[in-house]
Amino acid sequence: MDKAYDVIIVGSGVGGGTVADYITRDNPGLKVAIIESGPFITKEFFNQKEIDMTTLYFNHGAVLSKNLEIAVAAGKSLGGSSAVYTGVSFRPPAEVLNNWNTAFGLDFLTDDYVNRSLDEIEDEISVHELPDSWDNDNNKLFKKGAEKLGIPLKRLKINVKDCQQQGFCNLGCTAGAKQGTLEVQIPKVIARGVEIICNATVNTVEEHFVNITLNDAPARTLANKLPSGNYSLKGKIIIIAAGALNTPAILLRSKRKLKLKNKNIGRYLTLHPVFNINAVYKEKIKNYRGFPKTNYIDHFSDSEGFYLETSFYFPGVTAKNNPGYGQLHSEMMRDYHKMMSILILVHDKAEYRNRISIDKNGNAVINYLVSSNTRTSLIKALKEATRIFFAAGCEKALIPASDRIPITTGDIADLENIISDRNLNFSKTPLSSAHPQGGCRMGVDPNTSVCDKTGKVYGTNSIYVADASLFPTSVKVNPYETVMLLAKWVAENIPV
Amino acid sequence: MMPETYFERNVLLFAGVIVPQLEKKSPLQKPFLDNFEKLMKGIDPDSFDKIKLLVKVIGILSWVYNLRSFKSLNGDQKVRFIEKLFHFPISMLVAGLTGLRSLVFIAYYGIPEVWRDINYDGPIVTNN
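In the order they appear, the protein sequences are chains Z and W. Just so you know, the numbering used here puts 80 at position 80 of the first sequence, and the rest follows in order with no gaps. Each position in the second sequence, counted from 1, maps to that position plus 496 in the numbering used here.
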C-alpha cells in the first residue's frame with residue numbers, strides 16, 4: 001500500500017504534536033499523518049501501577065547507554081514523553097539562547113520571538129505556578145531545609161489543569177490533568193483530520209518517503225486501522241520528531257538512501273544526568289500523594305553546574321535508587337512512607353564523543369561518557385542535597401557515592417569525606433536521564449551541524465527535524481518548552 | 497507459576513539475595529515471577545538476550561567460585577557469592593548485575609501485597 005500525504009510527522013510527542021498543531025492551524029486542507037512507534041493509549045487505560053505503566057516508555061523507562069552507566073527514560077506511547085513527564089515548565093535560559101544565537105547562528109531566537117511564542121504556548125497549555133497550599137510534605141521539607149541553610153528557593157511552573165494530586169505523574173495521569181500533547185495537541189489535530197498511525201516503527205526515510213513496519217497493537221490499546229506489515233508512505237514533507245534517541249538513529253539508518261555524508265549526525269548528545277536520592281524523615285509524611293514538584297534551587301547552576309528539584313517516585317524505582325540490597329535495603333524500604341526525595345540535575349557539555357550510533361540491526365546505541373566536570377558537579381550536588389535532607393529534619397540519608405549507608409545525623413560534620421568521587425561508581429549506582437538533547441544540531445554551518453536554521457536536514461530537500469535533537473547544547477532546564485518553541489519555528493517555516 | 501526453567505530458578509535465587517522476603521517458599525515468588533516476566537516481555541531483544549546471558553554467567557561463576565551450583569549454596573553463601581560478584585573486576589558484569597537488581601526491585605515492589613509492608617496505600621485512580 002502506498003498512502004500519500006502533504007506532511008508526514010514521525011513522533012507524536014512534544015515536538016511532533018506541536019509541529020502538527022501549528023501546520024494545520026492555517027492549512028485546513030493539508031493532508032497530514034503522524035507516525036508513532038508506541039500504542040494509541042489514553043488516560044482511561046492508565047492505572048498508576050508501576051508494572052503496567054512503565055510500558056509507556058521504551059524499555060520500561062531504562063534505555064541503557066552502551067557502557068551501562070546511564071539509563072535514559074523516553075516515552076513510547078501516543079503523546080510521547082509528554083504522556084509521562086511531570087509538566088515542569090521552564091523557559092530556556094537567556095544565556096543559552098544567546099549562545100545558540102551567537103555561536104550557532106540561530107538569529108530567530110530574539111527576545112521578541114521567544115517571549116511572544118512562549119506566552120502563546122504557555123497560555124494554551126495552562127502553565128502556572130501551583131499555590132503554596134499544594135505543597136506536599138516533600139516540598140515543604142525541601143523548602144524548610146533550604147531556608148534553614150540560607151539557600152534561595154524558587155517555585156516551579158507546571159502545566160496542569162484540574163490536577164487530582166495522584167502523586168505519580170510519570171506513570172501517566174489518569175485524570176488527564178497534565179496539559180501535554182496527549183491532552184492538548186493530539187485531540188486538536190485529530191479533529192482537524194490528521195491521521196494517527198500508532199505502533200509503527202520507522203525503518204528509514206527517503207526524499208518524500210517514510211518506510212515503516214506496522215506492528216500489532218498491544219492488548220488494552222486502540223487497534224490499528226491497517227493490517228500489520230511494511231508500508232511505504234509518501235509525503236511532500238517529512239518531519240522527524242522521534243526524540244533525541246531515535247531521530248538521529250532514523251537518519252543514520254537512512255544515510256545511504258539519503259546520500260548523507262554529514263559526520264555530525266548523532267553527535268553532541270547531552271543527557272542532563274540525574275541522581276534521585278532519598279532520606280528518611282523522623283515521622284510519617286506520605287510523599288507519594290500530592291503534586292510531586294513545586295520547588296527548585298538554581299542557586300548552584302552557574303557556579304557548580306547543577307539544579308536541585310523536588311521529586312518523589314513509585315516504590316520499585318525508589319528501591320532501585322536507594323543503594324545496596326538485602327536485609328538493610330528491605331528495612332530502609334519499610335520507611336517508604338517517611339521518605340523525602342530530591343532530584344539532582346547536572347548540566348553536561350555537548351561533546352563530539354557523546355553520540356547516538358546504530359548497531360548492526362539499526363537500533364539506537366547511546367555512547368556516553370560522564371565527564372570529569374559532571375562528576376565534580378554530582379559530588380557537590382550530593383553533598384548539598386544531603387545537607388538539605390538533614391536541615392529539614394531527616395534522620396538518615398541514602399546516598400550514592402557515600403562510604404556510609406545510611407548517612408546519619410552524626411555524620412554531618414564529616415560529609416566532605418563521606419561523599420566523595422572515589423565512591424562514585426556508575427556500574428553500581430547508574431545515573432538516569434529524562435532529558436536527552438542534541439544529535440541533530442541546528443546551526444548555520446553544515447560542518448558543525450546536522451540541520452539548518454529552519455530545521456531542514458543539510459543535504460536533503462524534504463526532510464526536517466523538530467524535537468530536542470535540534471538543541472546545539474544542553475538547555476540546562478527541563479526541556480519541553482524549548483522543544484515546543486523550536487517545533488513552532490520549524491512549522492512556521494516549512495513550505496506548505 | 498513456580499520456577500520452571502533454569503532462567504526462572506536462577507532469577508529467583510538472585511532475587512532472594514536482593515530481597516530476602518523472596519527466599520525459600522515465599523508466596524510472593526509467584527507474583528514476583530509474573531511481574532518479572534512482564535518486565536522481560538517489554539524490553540528490547542538485545543537487552544533480553546543480555547539478561548539471559550547474565551543469569552547464565554551467574555550460574556557458571558558459582559561453579560568457578562564455589563565449585564557448586566548457585567542453587568546448592570545456602571543463604572549466607574549465596575549472599576557472599578553475590579557480594580563477591582558486585583566487586584568483580586569487570587565493570588560490565590557489575591553494571592549488568594545492577595540492572596538485574598533494578599528489575600528485581602521493580603518486579604517485587606510492584607506486588608500489591610508488598611505495599612502494606614512499606615506503608616504504601618496504593619495508587620489513586622480517577623476518571624477511569
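For each residue, glycine too, the CB sits at the ideal point set by N, CA and C.
Closest to Tyr288 of chain Z by C-alpha separation, out of Z:Glu50, Z:Val483, Z:Tyr22, Z:Gly29, would be which residue?
Z:Glu50
Quick one, which of W:Lys520, W:Lys552, W:Glu500, W:Lys534 has its alpha-carbon nearest Leu593 of chain W's?
W:Lys552
Short check: CB of Lys157 of chain Z to CB of Glu129 of chain Z, under 7 Å?
yes
Pair every Cβ in the stretch 274 to 281 of chain Z with every Cβ in the stretch 341 to 358 of chain Z, then say whether three or more of these pairs are closer than 8 Å.
yes
Could you tell me which chain B residues have their CB closer than 8 Å to the CB of Thr622 of chain W, listed as they occur along the chain?
In the structure shown, chain B does not exist; the protein chains are Z and W.
In chain Z, what lies closer than 8 Å to Ser522 of chain W by C-beta?
Neighbours of Ser522 of chain W on chain Z: none; closest Cβ ~13 Å, over 8 Å.
Select from Z:Gly439, Z:Phe314, Z:Lys31, Z:His337 the residue whose C-alpha is nearest the C-alpha of Ile356 of chain Z.
Z:Gly439
I'd like the list of long-range same chain contacts for Ile405 of chain Z, defined as Cβ closer than 6 Å, with 5 residues on each side in sequence excluded.
Pro323, Gly324
Using the Cβ count rule (16 or more neighbours within 10 Å means buried), how would you classify Arg597 of chain W?
buried
Reducing DSSP to helix, strand and coil, say where Glu309 of chain Z ends up.
Assigned with DSSP and collapsed to three states, Glu309 of chain Z falls in strand.
Mapping the DSSP letters down to three states, classify Asp540 of chain W as helix, strand or coil.
DSSP, read as helix, strand or coil, puts Asp540 of chain W in coil.
Got a sec: which bits of the stretch 586 to 599 of chain W sit with their beta carbon under 8 Å from any beta carbon on chain Z, in order along the chain?
Ser587, Met588, Val590, Ala591, Gly592, Thr594, Gly595, Arg597, Ser598
From what residue to what residue does the alpha helix (DSSP H) around Asn115 of chain Z run?
111 to 124
For Asn211 of chain Z, report the span of its beta strand (DSSP E) as first-last.
Asn211 of chain Z: member of the beta strand (DSSP E) spanning 209 to 214, first to last residue.
Indicate whether at least one CB of chain W lies closer than 7 Å to the CB of Ser427 of chain Z.
yes
Whole-angstrom Cβ separation of Ser462 of chain Z and Ile265 of chain Z, contact assumed at under 8 Å?
Distance from Ser462 of chain Z to Ile265 of chain Z at the Cβ level is roughly 17 Å; contact not present, criterion being Cβ atoms closer than 8 Å.
Looking at the C-beta of Asn472 of chain W, does it have a partner C-beta in chain Z at a distance below 7 Å?
Because chain W spans 497 through 624 in this model, residue 472 of chain W falls outside it and cannot be assessed.
Using DSSP with H/G/I as helix, E/B as strand and the rest coil, what is Val551 of chain W?
In this structure, DSSP gives Val551 of chain W a helical state, which the three-state scheme calls helix.
Which residue or residues does DSSP assign as beta-bridge partners of Tyr368 of chain Z?
Per DSSP, none; premise fails for Tyr368 of chain Z.
Quick check for students: name the residue ranges of the alpha helix (DSSP H) that lie wholly in the stretch 43 to 95 of chain Z, counting only runs of 4 or more.
50 to 53
Under 8 Å Cβ to Cβ from Leu464 of chain Z, same chain only, skipping five residues before and after it: list those, please.
Here residue 464 of chain Z turns out to be Tyr, not Leu, going by the sequence shown. These residues qualify, in order along the chain: Ile237, Ile238, Ile239, Ile240, Cys451, Thr454, Gly455, Lys456, Val457, Val490, Ile494.
Helix, strand or coil for Lys3 of chain Z? Go by DSSP, reduced to three states.
strand
Within 8 Å, do at least three Cβ pairs link the stretch 347 to 364 of chain Z to the stretch 382 to 389 of chain Z?
no
Cα separation between Lys263 of chain Z and Gly87 of chain Z?
When only Cα atoms are considered, Lys263 of chain Z and Gly87 of chain Z end up about 34 Å apart.
Met497 of chain W by DSSP, collapsed to three states: which one?
The pLDDT assigned to Met497 of chain W is 46, lower than 50, so where the model puts this residue is not dependable, and the model offers no usable value.
Strictly under 7 Å for the Cβ-Cβ distance: is Gly606 of chain W near chain Z by that measure?
At a cut-off of 7 Å between beta-carbon atoms, Gly606 of chain W makes contact with chain Z.
Just checking my contact of Ile614 of chain W with Leu524 of chain W at CB under 8 Å: how many whole Å lie between their CB atoms?
Not really, about 13 Å apart at Cβ, beyond 8 Å.
Decide if the stretch 498 to 507 of chain W is in contact with the stretch 478 to 488 of chain Z; the criterion is three or more beta carbon pairs, one per stretch, under 8 Å apart.
no
Measure the beta-carbon distance from Leu182 of chain Z to His272 of chain Z and round it to whole angstroms, keeping in mind my assumption that it falls under 8 Å.
Not quite, the Cβ-Cβ distance comes to about 23 Å (not below 8 Å), so this is no contact.
I need the straight-line Cα distance from Leu398 of chain Z to Ser133 of chain Z, nearest angstrom please.
28 Å
Nearest by alpha-carbon distance to Asp6 of chain Z: which of Z:Val32, Z:Ala177, Z:Gly13 is it?
Z:Val32
Determine whether the beta carbon atoms of Pro498 of chain Z and Glu147 of chain Z lie at a separation below 7 Å.
No statement about residue 498 of chain Z is possible, as the shown extent of chain Z runs from 1 to 496 and does not include it.
Look at the Cβ atom of Ile35 of chain Z, then the Cβ atom of Ala200 of chain Z, and state whether they are nearer than 7 Å.
yes
If you check the beta carbons only, do Asn101 of chain Z and Asp107 of chain Z fall under 7 Å apart?
yes
Have a look at W:Lys574, W:Pro541, W:Trp611 and flag the residue whose alpha-carbon is nearest the alpha-carbon of Asp359 of chain Z.
W:Pro541
For the candidate residues Z:Lys257, Z:Gln185, Z:Met333, whose alpha-carbon lies nearest to that of Gly316 of chain Z?
Comparing Cα-Cα distances from Gly316 of chain Z to each of Z:Lys257, Z:Gln185, Z:Met333, the minimum goes to Z:Met333.
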